[in-house]
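Asks: Have a look at this one before I ask anything.
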């Protein structure tokens, strides 16, 4: 008995009890991640970035070109939104100029207001015969969809952070898969779940070579430091716009994301081509 007491006294001395208490406190903060700890971690990350920022890579031989719809564009073409037949012509011109693909960081969520059928119902004074002729025309959405089908176009999708009554349909085609490097691990646990999402109208959505989300998730202080590479909605995986652009550019049917116990490690777009999710 005396030996047991001496052992317990030595095993649970003041220094060891202090160490166990600190360990328990560290585990508590790790599991709960309270706001002060998260805020301090983020600001420490910002400080490190200022001390040694990342190197800006040199421009590639064929860089990504951003087409900005600025004031000059609006003055030349007209007010926004432009009719979809004009956007269709924009895509055609880009393909003729040698673009590998065209991606839209916008959503065509509603029918074009300049569709002949819409015009027939909005212009005052048209006779019924003229209205019927207008309604019989294919429309700008159909013209845009036809160009998309014959081009390499990645359409944008957007997260919606409120739960709507009307749910978005399942993905037109599944272009990304998850693989766990360890048995019993569910990679979906590391991804952001969306309450809802906004998609393109069906006639446009169905013709896209790819579909990707361009939504961002700010940190607790309102600053965006990371760009998600994929999301979960209704149990289905939806890739980010950047991931889909790479997949379509490499002419692959599917991208594969691999995960271990720490999260998504890399995304395989093409054979011997792996990209870290933070780089996308």
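Numbering (our numbering), first residue to last: 75 to 354. Cβ atoms here follow ideal geometry from the backbone N, Cα and C, with glycine treated the same way.
Relative to the C-alpha of residue 345, which residue among 333, 336, 334 and 329 is closest?
Replies: Counting from 1 along the chain shown, the entry for residue 345 is found at position 271. If we check each option's Cα against that of residue 345, 329 comes out closest.
Asks: What would DSSP say about residue 339, mapped onto helix, strand or coil?
Replies: Start at 1 with the first residue of the chain shown, and residue 339 comes out as number 265. Looking at residue 339 - three-state DSSP - the assignment turns out to be strand.
Asks: If I follow the unbroken alpha helix (DSSP H) through residue 253, where does it start and stop?
Replies: Along the chain shown, one-based indexing puts residue 253 at 179. That residue, residue 253, is in no alpha helix (DSSP H); its beta strand (DSSP E) goes 250 to 254.
Asks: If you draw a straight line from the alpha carbon of residue 354 to that of residue 196, how long is it in whole angstroms?
Replies: Position 280 of the chain shown, counted from the first residue, corresponds to residue 354. Position 122 of the chain shown, counted from the first residue, corresponds to residue 196. Its pLDDT being 48, under 50, residue 354 is placed unreliably in this model, and the coordinates cannot settle the point.
Asks: Where does residue 201 fall in DSSP's three states?
Replies: Here residue 201 refers to the residue found at position 127 when the chain shown is read from its first residue. DSSP places residue 201 in coil when its eight states are reduced to three.
Asks: Starting from residue 66, trace the beta strand (DSSP E) both ways and give me its first and last residue.
Replies: The question about residue 66 has no answer here: the residues shown for the chain are numbered 75 through 354.
Asks: If we ignore side chains and look at the alpha-carbon of each, how far apart do residue 79 and residue 336 end up?
Replies: What you label residue 79 is simply residue 5 of the chain shown in a count that begins at 1. What you label residue 336 is simply residue 262 of the chain shown in a count that begins at 1. Because the pLDDT of residue 79 is 49, which lies under 50, any placement of that residue in the model is unreliable, and the number read from its coordinates should be weighed accordingly. So the two alpha carbons sit approximately 42 Å from each other.
Asks: Just the C-alpha distance for residue 228 and residue 178, rounded to the nearest angstrom, thanks.
Replies: What you label residue 228 is simply residue 154 of the chain shown in a count that begins at 1. What you label residue 178 is simply residue 104 of the chain shown in a count that begins at 1. For residue 228 and residue 178, the distance between alpha carbons rounds to 6 Å.
Asks: If we count Cβ pairs, one from each stretch, closer than 8 Å, do we get three or more for the segment 216 to 227 versus the segment 281 to 290?
Replies: These segments touch.
Asks: With contact counted as at least three CB pairs below 8 Å, one residue from each stretch, are the segment 194 to 213 and the segment 291 to 305 in contact?
Replies: Taking 8 Å as the limit for Cβ pairs, the verdict is that the segment 291 to 305 does not touch the segment 194 to 213.
Asks: Can you give me the C-alpha to C-alpha distance between residue 97 and residue 114, rounded to a whole angstrom?
Replies: Position 23 of the chain shown, counted from the start, is the residue given in the question as residue 97. Position 40 of the chain shown, counted from the start, is the residue given in the question as residue 114. If you take the alpha carbons of residue 97 and residue 114, they lie about 19 Å apart.
Asks: What is the rounded straight-line gap between the Cα of residue 319 and the Cα of residue 155?
Replies: Locating residue 319 in the chain shown gives position 245, where the first residue counts as 1. Locating residue 155 in the chain shown gives position 81, where the first residue counts as 1. Straight-line Cα distance between these residues: approximately 24 Å.
Asks: Would you mind stating whether residue 261 and residue 331 have Cβ atoms separated by less than 8 Å?
Replies: Position 187 of the chain shown, counted from the first residue, corresponds to residue 261. Position 257 of the chain shown, counted from the first residue, corresponds to residue 331. Contact flag set, yes.
Asks: Residue 350 by DSSP, collapsed to three states: which one?
Replies: Position 276 of the chain shown holds residue 350. The answer is coil: DSSP assigns residue 350 none of H, G, I, E or B.
Asks: Would residue 286 and residue 231 qualify as a contact pair, given that the criterion is a beta-carbon distance under 8 Å?
Replies: The residue labelled residue 286 in the question sits at position 212 within the chain shown. The residue labelled residue 231 in the question sits at position 157 within the chain shown. Their beta carbons are under 8 Å apart, which means residue 286 touches residue 231 by this criterion.
Asks: Among residues of its own chain, excluding the 5 on either side of residue 291, which ones have a beta-carbon nearer than 7 Å to its beta-carbon?
Replies: Mapped onto the chain shown, residue 291 falls at position 217. Excluding positions up to five away in sequence, the list reads 266 and 302.
Asks: In chain order, what residues of the same chain lie with their CB nearer than 6 Å to the CB of residue 324, ignoring the 5 residues before and after it?
Replies: As a first step, residue 324 must be located in the chain shown, where it is residue number 250. Same-chain partners within the cutoff: 343 and 344.
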